[in-house]
């Protein structure tokens, strides 16, 4: 458990660094390039995300699962590489054939660059899946952080420093991920060099992928379906504001993501040894801390949405109500991701498949209908509503499989501490409403301190864990 805690810290700190780099770069793009170029870039990333899904089809998740079982991992790495390369070649040809449609949607002749970006994203997905499957979660997290920081730095240099604008964003993106792929392959090979697989290895990998691909689709849908649909109905400038709001909202789910990404390989190995009680214990401990940041974070975004977006520029403040709605989606996702990881780790991708299918139907239908009728508010509502339904249904599946107990007491203490924080934030907000935009940072800092101190007073569990984390950081 100590190792898991330490890995979670590394994972979380990596995500914090990743978020800071992403925030700073998005802030610079918004202020120097404007919401129009930012919206065009978000549309590109949305398209890229869907094309990446088409190139993976659940293979990366299957690689992580099979390699984590520690049964001929080199062969599964080889099988994954073979399958991934085959799909990537076919996908590249398909993108080039549909080049005119891609260029028209993005508003620029960039289809060749889209192909290159898809290829590096597929390669990046392979190396991170391989590292996580090798139980090197901290290494994978560090690599992800390096990729984001390098990407942000190169994009700022090329798009703003060299004045290349939208193309500079593309060049920086490709260069960063190409470098990271090379490093990742070297790291994987140091432990398990991908070996020539047998037909059985390919078959077992595909047998897991046939269910897990829908989970990847679900992730893509929750992150980018609204952006893709909005690109059809509203101007790119508003897409840029919506995308910035979404990037702020997902920050509150970072701790939960770090937790379940750390617990997944551990639970997967325990499942291979048929140790269900320990799986249940790990999962319930994860639920205890899943909302420790997401709950107060959602409250803060609801109260300070417009003030936070004002940092990007005055035109972004109109997205304050969008950010408030998306905060609920991020909160629901903080718990839903843990339930989904538990189902995958216990080798029940069939149940995850059903849950993901339900989410997809509601999300896709909701986005199309609600965006058509209500614009970007409809997109935010569809995203949050579908995540809530998926959360409730995933809980019923995990409860049926593992018989878990929800730590209502600890979650209640987090809610109480968040309520105390909310009162203080409202008071501070009233005194700073006429101050410059950067005063929101002071308000956030005060809110964090009030929440943290209140929770430490209320929860013995949190006090104990805080001391353990402090020892880990020091040592």
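Numbering (our numbering), first residue to last: 119 to 593. C-beta atoms are modelled at their ideal positions from N, C-alpha and C, and glycine is treated no differently.
Handout entry: Per-residue burial, residue 490 [other beta carbons within 10 Å of its own, 16 or more giving buried]
Key = In the chain shown, the residue the question calls residue 490 occupies position 372. Burial call: exposed.
Exercise for the section: Identify which residue in 365, 244, 230 and 207 has its Cα closest to the Cα of residue 185. Expected result: The residue given as residue 185 occupies position 67 in the chain shown. It is 244 whose Cα lies nearest to the Cα of residue 185.
Problem - Local Cβ density within 10 Å of residue 211, reported as buried at 16 or more and exposed below that - result: For this step, residue 211 is matched to residue 93 along the chain shown. Residue 211 is exposed by the Cβ-count criterion.
Exercise for the section: For my contact list, residue 300 and residue 398 are in at a C-beta cut-off of 8 Å; report their separation, rounded to the angstrom. Expected result: The residue labelled residue 300 in the question sits at position 182 within the chain shown. The residue labelled residue 398 in the question sits at position 280 within the chain shown. The Cβ separation is near 40 Å, so there is no contact.
Practice task
Quick one: grab the DSSP three-state call for residue 119.
Solution key: Walking along the chain shown from the start, residue 119 turns up at place 1. With a pLDDT of 48 at residue 119, under the threshold of 50, the predicted position of this residue should be treated as unreliable, though the coordinate-derived value follows. Here residue 119 carries a coil assignment [DSSP, helix/strand/coil].
Handout entry: Rounded straight-line distance, which links the Cα of residue 360 to that of residue 160
Key = As a working mapping, residue 160 is identified with position 42 in the chain shown. As a working mapping, residue 360 is identified with position 242 in the chain shown. Roughly 9 Å separates the two Cα atoms.
Problem - Separation of residue 264 from residue 274, as counted between CA atoms - result: The residue you call residue 274 lines up with position 156 of the chain shown. The residue you call residue 264 lines up with position 146 of the chain shown. Their backbone Cα atoms lie some 15 Å apart in a straight line.
Problem - Segment contact flag, the region 498-517 with the region 540-551, C-beta cutoff 8 Å, min 3 pairs - result: Short answer: they don't touch.
Problem - Cβ pair residue 536, residue 454 closer than 9 Å - result: Within the chain shown, numbered from 1, the residue matching residue 536 stands at position 418. Within the chain shown, numbered from 1, the residue matching residue 454 stands at position 336. At least 9 Å separates the beta-carbon of residue 536 from that of residue 454.
Problem - Pick from 272, 285 and 195 that is closest to residue 308, judged by C-alpha positions - result: Counting from one through the chain shown, the residue named residue 308 turns up at place 190. If we check each option's Cα against that of residue 308, 195 comes out closest.
Practice task
Alpha carbon to alpha carbon, how far is residue 229 from residue 221? Give it in angstroms, no decimals.
Solution key: One-based indexing of the chain shown puts residue 221 at position 103. One-based indexing of the chain shown puts residue 229 at position 111. If you take the alpha carbons of residue 221 and residue 229, they lie about 6 Å apart.
Handout entry: Cβ-Cβ distance between residue 417 and residue 543 below 9 Å
Key = Taking the first residue of the chain shown as position 1, residue 417 is located at position 299. Taking the first residue of the chain shown as position 1, residue 543 is located at position 425. Cβ distance < 9 Å, so residue 417 and residue 543 count as in contact.
Problem - Proximity below 9 Å, CB of residue 162 to CB of residue 144 - result: Counting from 1 along the chain shown, the entry for residue 162 is found at position 44. Counting from 1 along the chain shown, the entry for residue 144 is found at position 26. No Cβ-Cβ contact shorter than 9 Å links residue 162 with residue 144.
Exercise for the section: Determine the DSSP secondary structure at residue 186, reduced to helix, strand or coil. Expected result: Your numbering for residue 186 matches position 68 in the chain shown. When secondary structure is reduced to three states using DSSP, residue 186 falls in the helix class.
Practice task
Please report how far the alpha carbon of residue 425 lies from the alpha carbon of residue 365, in whole angstroms.
Solution key: Position 307 of the chain shown, counted from the first residue, corresponds to residue 425. Position 247 of the chain shown, counted from the first residue, corresponds to residue 365. One C-alpha to the other measures close to 15 Å.
Practice task
Taking residue 269 and residue 295 to be in contact with their CB atoms under 8 Å, please state how far apart those CB atoms are, rounded to whole angstroms.
Solution key: For the purposes of this step, residue 269 is taken as the residue at position 151 of the chain shown. For the purposes of this step, residue 295 is taken as the residue at position 177 of the chain shown. The Cβ separation is near 7 Å, so the contact holds.
Handout entry: CB contact check: residue 180 to chain B, cutoff 9 Å
Key = In the structure shown, chain B does not exist; there is a single protein chain.
Practice task
Have a look at residue 579 and residue 528 and give me their C-alpha separation to the nearest angstrom.
Solution key: On the chain shown, position 461 is the one that residue 579 refers to. On the chain shown, position 410 is the one that residue 528 refers to. Roughly 8 Å separates the two Cα atoms.
Practice task
Would you mind reading off the limits of the alpha helix (DSSP H) that contains residue 458?
Solution key: For the purposes of this step, residue 458 is taken as the residue at position 340 of the chain shown. Residue 458: member of the alpha helix (DSSP H) spanning 438-463, first to last residue.
Exercise for the section: Consider the C-beta atom of residue 367 and the heavy atoms of the ligand NAD; say whether any pair is separated by less than 8 Å. Expected result: Ligands are entirely absent from the displayed structure, and the ligand NAD is therefore not among its contents.
Practice task
May I have the straight-line CA-CA distance separating residue 193 from residue 589, to the nearest angstrom?
Solution key: Looking up residue 193 in the chain shown gives position 75. Looking up residue 589 in the chain shown gives position 471. Their backbone Cα atoms lie some 39 Å apart in a straight line.
Exercise for the section: Label residue 219 either buried or exposed according to how many other C-beta atoms from any shown protein chain fall within 10 Å of its C-beta, with 16 as the threshold for buried. Expected result: Working through the chain shown from its first residue, we reach residue 219 at position 101. By the neighbour-count criterion, in which a residue is buried when 16 or more other Cβ atoms sit within 10 angstroms of its Cβ, residue 219 is exposed.
Handout entry: Alpha-carbon to alpha-carbon, residue 448 and residue 420
Key = Position 302 of the chain shown, counted from the first residue, corresponds to residue 420. Position 330 of the chain shown, counted from the first residue, corresponds to residue 448. Going by the C-alpha atoms only, they are around 12 Å apart.
Practice task
Could you say if the region 556-570 and the region 400-408 meet the contact criterion of at least three C-beta pairs nearer than 8 Å?
Solution key: No, the region 556-570 does not touch the region 400-408.
Problem - residue 316 in three-state terms, based on DSSP - result: Within the chain shown, numbered from 1, the residue matching residue 316 stands at position 198. Coil.
Handout entry: Where residue 484 sits in the DSSP three-state scheme
Key = If you number the chain shown from 1, residue 484 lands on position 366. Three-state DSSP puts residue 484 in a helix.
Handout entry: Cβ separation of residue 584 and residue 576, assumed to be a contact under 8 Å, to the nearest whole Å
Key = Here residue 584 corresponds to residue number 466 of the chain shown, with the count starting at 1. Here residue 576 corresponds to residue number 458 of the chain shown, with the count starting at 1. In this structure residue 584 is not in contact with residue 576, their Cβ atoms being roughly 13 Å apart against a cut-off of 8 Å.
Handout entry: Option in 404, 440 and 153 with minimal Cα separation from residue 452
Key = Counting from one through the chain shown, the residue named residue 452 turns up at place 334. Ranking the options by Cα distance to residue 452, first place goes to 404.
Handout entry: Backbone secondary structure at residue 228 - three-state DSSP
Key = Residue mapping note: residue 228 aligns to position 110 of the chain shown, counting from 1. If DSSP states are grouped into helix, strand and coil, residue 228 belongs with coil.
Practice task
Kindly indicate which three-state DSSP category residue 583 falls into: helix, strand or coil?
Solution key: Translated into positions along the chain shown, residue 583 becomes position 465. In the structure shown, residue 583 sits in a helix (DSSP, three-state: H, G or I).
Exercise for the section: In the DSSP assignment, find the unbroken alpha helix (DSSP H) run with residue 274 in it and report its ends. Expected result: The count along the chain shown starts at 1 and reaches residue 274 at position 156. Judged by DSSP secondary structure, residue 274 falls outside any alpha helix (DSSP H); it is assigned neither H nor E.
Problem - 9 Å Cβ cutoff met for residue 198 and residue 323 - result: Residue 198 sits at position 80 when you count from the first residue of the chain shown. Residue 323 sits at position 205 when you count from the first residue of the chain shown. Contact flag set, yes.
Handout entry: First and last residue of the uninterrupted alpha helix (DSSP H) at residue 351
Key = Numbered from its first residue, the chain shown carries residue 351 at position 233. Run containing residue 351: 344-351, per the alpha helix (DSSP H) assignment.
Exercise for the section: Could you have a look at residue 293 and say whether DSSP puts it in helix, strand or coil? Expected result: One-based indexing of the chain shown puts residue 293 at position 175. The answer is helix: DSSP assigns residue 293 an H, G or I state.
Exercise for the section: Following the continuous alpha helix (DSSP H) through residue 534, name the residue where it begins and the one where it ends. Expected result: Taking the first residue of the chain shown as position 1, residue 534 is located at position 416. 526-550 is the span of the alpha helix (DSSP H), which, as asked, contains residue 534.
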